[in-house]
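Chains as they are written, first to last, in my numbering: chain A, 1 to 147; chain B, 148 to 294. This report concerns only the one structure given below.
Protein chains: 2
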Amino acid sequence: MTAGNTIDREIEARLGEAGVRYTRARRAVVGALSRADGPRSASELHQDMEQDVPLSSLYRSLSVLDEAGVLEPHNSLKGLTRYELAEWLAGHHHHLVCLICGTVEDIELSADMEARLEHLVETVTDEFSFAASGHTLEVHGRCARCV
Amino acid sequence: MTAGNTIDREIEARLGEAGVRYTRARRAVVGALSRADGPRSASELHQDMEQDVPLSSLYRSLSVLDEAGVLEPHNSLKGLTRYELAEWLAGHHHHLVCLICGTVEDIELSADMEARLEHLVETVTDEFSFAASGHTLEVHGRCARCV
DNA sequence: TCGAAACTGAGAATCATTATCAAGATAACA
DNA sequence: TGTTATCTTGATAATGATTCTCAGTTTCGA
Numbered sequence: 001m002t003a004g005n006t007i008d009r010e011i012e013a014r015l016g017e018a019g020v021r022y023t024r025a026r027r028a029v030v031g032a033l034s035r036a037d038g039p040r041s042a043s044e045l046h047q048d049m050e051q052d053v054p055l056s057s058l059y060r061s062l063s064v065l066d067e068a069g070v071l072e073p074h075n076s077l078k079g080l081t082r083y084e085l086a087e088w089l090a091g092h093h094h095h096l097v098c099l100i101c102g103t104v105e106d107i108e109l110s111a112d113m114e115a116r117l118e119h120l121v122e123t124v125t126d127e128f129s130f131a132a133s134g135h136t137l138e139v140h141g142r143c144a145r146c147v
Numbered sequence: 148m149t150a151g152n153t154i155d156r157e158i159e160a161r162l163g164e165a166g167v168r169y170t171r172a173r174r175a176v177v178g179a180l181s182r183a184d185g186p187r188s189a190s191e192l193h194q195d196m197e198q199d200v201p202l203s204s205l206y207r208s209l210s211v212l213d214e215a216g217v218l219e220p221h222n223s224l225k226g227l228t229r230y231e232l233a234e235w236l237a238g239h240h241h242h243l244v245c246l247i248c249g250t251v252e253d254i255e256l257s258a259d260m261e262a263r264l265e266h267l268v269e270t271v272t273d274e275f276s277f278a279a280s281g282h283t284l285e286v287h288g289r290c291a292r293c294v
C-alpha cells in the first residue's frame, strides 16, 4: 500500500521536527495501529505484535508518538488508555463503544451530520469560555460480539 | 430543594429493587455528585466529602451505585474513572473535556441538535450490528482555568 | 430479641502506567 | 573511520488507582 508509505513519510517528518527518531519499535507501533480498526491499549498492542517489543518500551513509544502528535489517546473502560493514529493521519471519525467488553470501533459520519457537529462545536466555544480543539461523538451500547 | 428529595426517593426505590440499602455512605456520595457540575473521581469525591467516608468504602459505594444504574462511569485522563448521576436522574447532557487538566463540564444541546443526534444514533444501530443504548458528544480543548 | 444478610473499614493485592538507569544503537563530524 | 554527544532500549523498581479480603458492625424481618 502506498498509503502506508505516505503515512510513514509524514510521521518521519513530524518526528524529525520533534527531534526524535523513527525507530523499529515506533514503526511497529504505528504499523499495528494502522492495521487496527479502532483504538488499542498498550497490552493489546503488545499481543498484536507478539511481544516483539517489550511492554516498557512499548509504553515509551506510545508516549513519544503521542507527544509528537502522531497518536491520540482515548480513555476507555477500566482505567485503560487506548491509542489511535491522530486525525491528521487517519481522518476524522467517531466511536462505537461497547459497554460490555470495552472495545471501540471507528465510524464516519455523513458530511451533513459532520458539518452540523462542527457548527455546534463553534457555538460551544463562544458560549462557554472553552477553547475547543476537536470533538468525538461516542455511541454507547453492545457490540456484535457481546450480543 | 425538593428536587434532591425526589431524586433520593427514586434512588432509594431503585436500590431496593437491586436488593441493596441506601446507606449513609451511599447518600453522601449521591449528595456530593448532585452538588458537582460534572463527573468526579473517587479521590475527588473523597476530598469533597472531607474524608468522611474512607476511600475503600467510597470505591465500594461507587461500584454498588454504578451496578444499580444510579451512576454512570466516565473514563477520563490518566486512567481515572469519574462518575456522575445517571441520565435518568440528572438529564441527558454532553461534555466539555479539558485536555490539560482532565476536568469535565456538563453541557446541554439545543433540542434541534439533540434530535439530530438521536436520529444519527438510530442510523448507526441499523448500519452496524451495534445495539446502541446512549451517546455523548465530547468536545475537547482547554478549559477556562487552563487558558 | 435473634439470626441472616448487608455493610463497613483497614490493609493487602492487582493492574496499568511511569520512572530509573545502565547498556546499546546512531548520526554528525573531526 | 574513530569519537562523541544523543537518542533508545530493556529490565526492573516505583507509583497510583482500583479491587479484594476478611473480621467486625449494623440493619431488617421473624
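For each residue, glycine too, the CB sits at the ideal point set by N, CA and C.
My guess is that A/Gly31 and A/Val104 are in contact by the Cβ rule of under 8 Å, so how many angstroms apart are they, rounded? Residue 31 of chain A sits at position 31 when you count from the first residue of the first sequence. Residue 104 of chain A sits at position 104 when you count from the first residue of the first sequence. At roughly 19 Å, the Cβ-Cβ gap does not stay under 8 Å, so A/Gly31 and A/Val104 are not in contact.
Straight-line CA distance for B/Ser210 to B/Ala189? For the purposes of this step, residue 210 of chain B is identified with residue 63 of the second sequence, where counting begins at 1. For the purposes of this step, residue 189 of chain B is identified with residue 42 of the second sequence, where counting begins at 1. When rounded, the distance between both Cα atoms is 10 Å.
For a test of the three-state rule: what should DSSP assign to A/Asp8, helix, strand or coil? Position 8 of the first sequence, counting from 1, holds the residue named residue 8 of chain A. It is helical.
Spell out the partners DSSP gives B/Ala215 in its beta bridges. In the second sequence, residue 215 of chain B corresponds to position 68, counting from 1. DSSP output for B/Ala215 lists no bridge partner at all.
Residues in the same chain with beta-carbon distance under 6 Å from B/Glu285, minus the five sequence neighbours each way, listed in chain order, please. Taking the first residue of the second sequence as position 1, residue 285 of chain B is located at position 138. The residues are His242, Val244.
With burial defined as no fewer than 16 other Cβ atoms inside 10 Å of the residue's Cβ, what is the status of B/Gly288: buried or exposed? Taking the second sequence and counting its residues from 1, one reaches residue 288 of chain B at position 141. When all chains shown are included, B/Gly288 counts as buried.
Can you give the beta carbon distance from B/Ala215 to B/Val167, rounded, assuming they're within the 8 Å contact cut? Residue numbering aside, residue 215 of chain B sits at position 68 when the second sequence is read from its first letter. Residue numbering aside, residue 167 of chain B sits at position 20 when the second sequence is read from its first letter. Confirmed, Cβ separation roughly 7 Å.
Same chain only: Cβ atoms within 8 Å of A/Ser57, ignoring 5 sequence neighbours per side: Within the first sequence, numbered from 1, the residue matching residue 57 of chain A stands at position 57. These residues qualify, in order along the chain: Ala25.
Test: A/Leu62 CB closer than 8 Å to a CB of chain B: Indexing the first sequence from 1 puts residue 62 of chain A at position 62. False, the Cβ-Cβ gap to chain B never drops below 8 Å.
Tell me which same chain residues have a C-beta within less than 6 Å of the C-beta of B/Ala165, skipping the five on either side of it? On the second sequence, residue 165 of chain B is found 18 positions in, with the first residue counted as 1. Same-chain partners within the cutoff: Ala215.
Residue(s) in a DSSP beta bridge with A/Pro73: Here the question's residue 73 of chain A lines up with position 73 in the first sequence. Answer is A/Tyr83.
Strictly under 8 Å for the Cβ-Cβ distance: is B/Ser223 near chain A by that measure? To locate residue 223 of chain B, count along the second sequence from 1; it is residue 76. Interface residue, yes.
Would you call the CB atoms of A/Val121 and A/Ala132 closer than 8 Å? Numbered from its first residue, the first sequence carries residue 121 of chain A at position 121. Numbered from its first residue, the first sequence carries residue 132 of chain A at position 132. Their beta carbons are under 8 Å apart, which means A/Val121 touches A/Ala132 by this criterion.
List, in order along the chain, the chain A residues whose C-beta lies closer than 8 Å to that of B/Val268? Taking the first residue of the second sequence as 1, we reach residue 268 of chain B at position 121. Chain A residues near B/Val268: Val139.
Excluding the 5 residues flanking A/Ile100 on each side, which residues of the same chain have their C-beta closer than 6 Å to its C-beta? Position 100 of the first sequence, counted from the first residue, corresponds to residue 100 of chain A. Residues of the same chain with a CB within less than 6 Å of the CB of A/Ile100, apart from the 5 flanking positions on each side, are Arg142, Cys146 in chain order.
Please go through the region 241–289 of chain B and give each complete alpha helix (DSSP H) segment of 4 or more residues, from N-terminal end onward. 258–274
Rounded to whole angstroms, what's the CA-CA distance from A/Leu33 to A/Leu89? Just pull it up for me. One-based indexing of the first sequence puts residue 33 of chain A at position 33. One-based indexing of the first sequence puts residue 89 of chain A at position 89. Looking at the two C-alpha atoms, the distance is approximately 11 Å.
Just verifying my parser: in three-state terms, what is the DSSP assignment at A/Arg21? As a first step, residue 21 of chain A is located in the first sequence; it is residue number 21 there, counting from the start. Looking at A/Arg21 - three-state DSSP - the assignment turns out to be coil, as it is neither helix nor strand.
Alpha carbon to alpha carbon, what distance is there between B/Arg161 and B/Leu212? By 1-based counting over the second sequence, the position of residue 212 of chain B is 65. By 1-based counting over the second sequence, the position of residue 161 of chain B is 14. So the alpha carbons of these two residues sit roughly 10 Å apart.
Using a Cβ-Cβ cut-off of 8 Å, state whether B/Val271 counts as contacting chain A. The count along the second sequence starts at 1 and reaches residue 271 of chain B at position 124. Under the 8 Å criterion on CB atoms, B/Val271 is classed as interfacial with respect to chain A.
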